[in-house]
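Each residue of the sequence shown is one higher than the one before, starting from 24 at the first, in our numbering.
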Amino acid sequence: MKRFATLLAATSLLAACNVPQPQVEVLEHDAIVPVSRPDAWWQDRHNAQMKLATDAHWDIVFIGDSITQGWEGDGKSVWNANYGSMRALNLGISGDRTQHVLWRIQQGILDNQTPNLVVLNIGTNNSGENTSGEIAEGVKAIVKELKHRLPFTNFLILGIFPRGEYPNDRNRQINIGANRLISRMAFDDRVHYLDIGDVFLEEGGRLDSSIMPDLLHLSPEGYRRWAEAISGS
Numbered sequence: 024m025k026r027f028a029t030l031l032a033a034t035s036l037l038a039a040c041n042v043p044q045p046q047v048e049v050l051e052h053d054a055i056v057p058v059s060r061p062d063a064w065w066q067d068r069h070n071a072q073m074k075l076a077t078d079a080h081w082d083i084v085f086i087g088d089s090i091t092q093g094w095e096g097d098g099k100s101v102w103n104a105n106y107g108s109m110r111a112l113n114l115g116i117s118g119d120r121t122q123h124v125l126w127r128i129q130q131g132i133l134d135n136q137t138p139n140l141v142v143l144n145i146g147t148n149n150s151g152e153n154t155s156g157e158i159a160e161g162v163k164a165i166v167k168e169l170k171h172r173l174p175f176t177n178f179l180i181l182g183i184f185p186r187g188e189y190p191n192d193r194n195r196q197i198n199i200g201a202n203r204l205i206s207r208m209a210f211d212d213r214v215h216y217l218d219i220g221d222v223f224l225e226e227g228g229r230l231d232s233s234i235m236p237d238l239l240h241l242s243p244e245g246y247r248r249w250a251e252a253i254s255g256s
């Protein structure tokens with residue numbers, strides 16, 4: 024009788040294990056979904072960059088948003104002094120988020136290129152709508168795509184720059200969280216992470232308007248500090 028009870032219990036347990044379990048839905052967030060932007064000026068800039076990337080060979084490529092695009096504006100003199108003698112390409116587009124950079128890469132903007140170094144600085148525009156984790160996943164998706172398309176290139180992944188005047192700024196805190204997660208990713212010897220955010224900050228973590236006049240975009244001095252901070256990389 025005891026043997027039968029034991030067998031019955033085992034049979035019941037096996038049956039329970041075979042009951043279909045409810046599927047846990049993994050929600051896809053927009054930071055990892057490649058998408059273009061409908062603005063005519065954006066399409067024009069992307070097309071112009073595609074042509075530049077196709078017509079010449081580039082040794083160093085900067086990819087990002089308006090902060091990267093700003094090398095053509097407030098950062099131009101610093102760019103010329105540091106990268107003017109190099110075959111350096113600026114692929115920054117104002118307002119871009121991780122999903123837009125991912126789309127541009129998947130369109131083949133760097134196909135047939137073999138740059139020595141790609142510098143990626145992206146994510147701050149996601150902080151208004153995405154979590155730290157989602158932003159980090161967006162950066163991870165970009166790095167994965169870049170590595171696949173550029174098997175002989177080294178990558179410098181920059182931590183998202185600080186923004187907002189004080190450390191408790193909401194968007195800055197989201198970016199800090201994203202940086203923390205990005206820094207823990209299992210990168211290999213071709214992918215290097217560097218957080219240079221401290222070079223822009225005053226004592227106590229305050230962001231001065233002389234470095235970022237609108238507390239987001241860099242001044243000429245801000246670009247000088249950026250170039251200096253990555254010069255050893």
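Glycine included, each C-beta is placed from N, C-alpha and C at the ideal position. Since we're looking at a predicted model, the values are computed, not measured.
Sequence-distant residues of the same chain with beta carbon closer than 6 angstroms to residue 117, five excluded per side: In the sequence shown, residue 117 corresponds to position 94, counting from 1. 89, 92, listed in sequence order.
Nearest by alpha-carbon distance to residue 248: which of 226, 237, 238, 220 is it? For the purposes of this step, residue 248 is taken as the residue at position 225 of the sequence shown. The shortest Cα separation from residue 248 among 226, 237, 238, 220 belongs to 220.
With 16 other CB atoms within 10 Å as the buried threshold, where does residue 164 fall? Locating residue 164 in the sequence shown gives position 141, where the first residue counts as 1. So residue 164 counts as buried.
I need the boundaries of the alpha helix (DSSP H) containing residue 246, first residue and last residue. Walking along the sequence shown from the start, residue 246 turns up at place 223. Segment 243-253, the alpha helix (DSSP H) holding residue 246.
Mark residue 159 as exposed unless 16 or more other C-beta atoms lie within 10 angstroms of its C-beta, in which case mark it buried. Counted from its first residue, the sequence shown places residue 159 at position 136. Taking every protein chain shown into account, the CB of residue 159 has 16 or more other CB atoms within 10 angstroms, so this residue is buried.
Length of the line joining the Cα atoms of residue 75 and residue 227: Stepping through the sequence shown from its first residue, residue 75 is reached at position 52. Stepping through the sequence shown from its first residue, residue 227 is reached at position 204. Taking the straight line from one Cα to the other gives about 42 angstroms.
Going straight from the alpha carbon of residue 202 to that of residue 182, what length do you get? As a working mapping, residue 202 is identified with position 179 in the sequence shown. As a working mapping, residue 182 is identified with position 159 in the sequence shown. Rounded to the nearest angstrom, the two C-alpha atoms are 5 angstroms apart.
Run of the beta strand (DSSP E) containing residue 87, from where it starts to where it stops: As a first step, residue 87 is located in the sequence shown; it is residue number 64 there, counting from the start. Its beta strand (DSSP E) spans residues 83-87.
If you follow the beta strand (DSSP E) that residue 216 is in, where does it begin and where does it stop? Working through the sequence shown from its first residue, we reach residue 216 at position 193. Unbroken beta strand (DSSP E) run through residue 216: 214-217.
Comparing alpha-carbon positions, which option in 59, 110, 61 lies nearest residue 84? For the purposes of this step, residue 84 is taken as residue 61 along the sequence shown, with counting starting at 1. It is 110 whose Cα lies nearest to the Cα of residue 84.
Is it buried or exposed for residue 39, if we count other Cβ within 10 angstroms and need 16 for buried? One-based indexing of the sequence shown puts residue 39 at position 16. With a pLDDT of 40 at residue 39, under the threshold of 50, the predicted position of this residue should be treated as unreliable, and no value is reported.
Can you give me the start and stop residues for the beta strand (DSSP E) that residue 115 sits inside? Taking the sequence shown and counting its residues from 1, the one referred to as residue 115 is at position 92. Note, residue 115: beta strand (DSSP E), 111-115.
Tell me the residue span of the beta strand (DSSP E) that contains residue 180. On the sequence shown, residue 180 is found 157 positions in, with the first residue counted as 1. Start and end: 177-181.
Can you give the beta carbon distance from residue 81 to residue 138, rounded, assuming they're within the 8 angstroms contact cut? Numbered from 1 along the sequence shown, position 58 holds the residue referred to as residue 81. Numbered from 1 along the sequence shown, position 115 holds the residue referred to as residue 138. The pair is a contact, with the Cβ atoms about 5 angstroms apart (cut-off 8 angstroms).
Can you give me the C-alpha to C-alpha distance between residue 114 and residue 231, rounded to a whole angstrom? Mapped onto the sequence shown, residue 114 falls at position 91. Mapped onto the sequence shown, residue 231 falls at position 208. Distance between the alpha carbons of residue 114 and residue 231 is about 27 angstroms.
Pick out whichever of 178, 200, 186 has its Cα sitting closest to the Cα of residue 217. As a first step, residue 217 must be located in the sequence shown, where it is residue number 194. The residue with the shortest Cα to Cα distance from residue 217 is 178.
Measure the C-alpha to C-alpha separation of residue 49 and residue 104 and round it to an integer number of angstroms. Locating residue 49 in the sequence shown gives position 26, where the first residue counts as 1. Locating residue 104 in the sequence shown gives position 81, where the first residue counts as 1. Note that residue 49 scores 45 on pLDDT, short of 50, meaning its location in the model is unreliable and no value can be drawn from it.
Outcome for residue 185 when other beta-carbon atoms lying within 10 angstroms are tallied against a minimum of 16: Mapped onto the sequence shown, residue 185 falls at position 162. Buried, since its Cβ has 16 or more Cβ neighbours within 10 Å.
Inter-residue Cα distance where the pair is residue 205 and residue 153: The residue given as residue 205 occupies position 182 in the sequence shown. The residue given as residue 153 occupies position 130 in the sequence shown. Cα to Cα, the separation comes out at about 15 angstroms.
Cβ pair residue 57, residue 102 closer than 8 angstroms: Working through the sequence shown from its first residue, we reach residue 57 at position 34. Working through the sequence shown from its first residue, we reach residue 102 at position 79. No, the pair does not count as a contact, with Cβ atoms beyond the cut-off.
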